[in-house]
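From first to last, the protein sequence lines stand for chains A and B. Each number in the working numbering comes from the position in the first sequence (counting from 1) with 12 added on. Each number in the working numbering comes from the position in the second sequence (counting from 1) with 12 added on.
Protein chains: 2
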Amino acid sequence: MTTEADHVFAALSDPTRRQLLEWLDDEVATATSLAERLPISRQAVAKHLSELSAAGLVSSRREGRETLFSVDNEGLEPASEWLAQRAAVWEQRLARLAKTARSTGEG
Amino acid sequence: MTTEADHVFAALSDPTRRQLLEWLDDEVATATSLAERLPISRQAVAKHLSELSAAGLVSSRREGRETLFSVDNEGLEPASEWLAQRAAVWEQRLARLAKTARSTGEG
DNA sequence: ATGATACGCAACCAACGAGTTGCACGTAGG
DNA sequence: CCTACGTGCAACTCGTTGGTTGCGTATCAT
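Structure follows, in structure tokens:
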């Protein structure tokens, strides 16, 4: 089952892309300005932004000759949902274990 | 900055590996038994399990001629921590926005 | 009009990822 | 002992990915 979570998790697996997301939390920026703070080319950054965009994590709007990128934190939902579900299973299991321990210990 | 989150997110980006984690939530299993439910070879599954292990998401113990894999949900923390922080920034930003809207609207 | 700036597209490359097959080694059981 | 089973390791293929460079084009300012 290939779902959205694939792309979101894949997008987040790269430290450069996570860095970009963190920067874009604070400001709207262009690929060029972001590339200046990184040891890679503008095109490399543009590719990363394109992948983030495909994953629904950033959106862009053209303004004159610039393309402004902004963060789209709602896009994180598929990933955090999956994680939350895992955590739920996990905590539920712990709770059940505790319950069993209590009943066997007290009963 | 290459951190643990890299491997965790990368591990989760593959639907087969997420499936394996979900199965291993319910039971302890061998690579062979898991491969029987998937359209891929045992070795392919073993590789996935190896990657999950490297990411700290599963652990294994040898028992006779079998290798039993079990889930290690604590390994999800680096990923969920990062996501939680993003969510926090996001909500804080919304709260600040709401506050500004209120003050400019009422003041 | 000209030059500088910001962009997008395409080709190319090295490295990695997911998958396969083949084989050798330990272990369980007739 | 011998066979069958389960595993691990290595080699190989093939598509993807992160990176580069080069080029063409649109926009802004002089």
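Where a beta carbon is used, it is the ideal one built from N, C-alpha and C, also for glycine.
Within the same chain, T42, A43, S72 and R73 come within 8 Å of T79(B) by CB-CB distance, once the 5 residues on both sides are set aside. Taking 9 Å as the threshold, the shortest C-beta distance from V101(B) to chain A falls below it. Comparing alpha-carbon positions, the option among S62(B), L32(B) and A67(B) lying closest to P51(B) turns out to be L32(B). Looking only at H19(B), P27(B) and R54(B), the smallest Cα-Cα distance to P27(A) is reached by H19(B). Counting C-beta atoms within 10 angstroms of its own C-beta, R30(A) has 16 or more neighbours from the protein chains shown and is therefore classed as buried. Chain order gives the chain B residues near A91(A) as L95, where near means a beta carbon separation below 7 Å. Around F81(B), no beta-carbon contact reaches into chain A at under 8 Å, the shortest distance being about 16 Å.
Taking a C-beta cut-off of 7 Å against chain B, the contacting residues of the stretch 34 to 50 of chain A are D37, listed in chain order. CA-to-CA, the gap between D38(B) and E63(B) works out to about 20 Å. Under the Cβ distance rule, A66(A) does not count among the residues neighbouring chain B, no pair being separated by less than 9 Å. Against chain B, the CB of A56(A) has no partner CB under 9 Å away; the residue lies outside that interface. When the five nearest sequence neighbours on each side are left out, the beta carbons in the same chain lying within less than 6 Å of the beta carbon of P90(A) are those of E16, A17 and V20, in order along the chain. Residue state for T79(B) is assigned as strand, using DSSP reduced to three classes. The beta-carbon of A22(B) is placed less than 9 Å from the nearest beta-carbon of chain A. Among the residues facing chain B, L32(A) is not included, as its CB has no counterpart in that chain under 9 Å away. Excluding residues up to 5 positions away in sequence, S53, R54 and V57 lie with their Cβ nearer than 7 Å to the Cβ of A47(A) in the same chain. If one requires a minimum length of 3 residues, the beta strand (DSSP E) runs lying completely within the stretch 36 to 81 of chain B are 70 to 75, in chain order. At a beta-carbon threshold of 9 Å, the residues of chain B lying near L88(A) are L95, R98, A99 and W102, ordered along the chain. Annotation: D84(A) is outside any alpha helix (DSSP H) and is labelled neither H nor E by DSSP. Counting other Cβ atoms within 10 Å of its Cβ, G76(A) stays below 16 and is therefore classed as exposed. The C-alpha of R98(A) is placed about 14 Å away from the C-alpha of L95(B). According to the DSSP assignment, D18(B) belongs to the alpha helix (DSSP H) that extends over E16 to L24.
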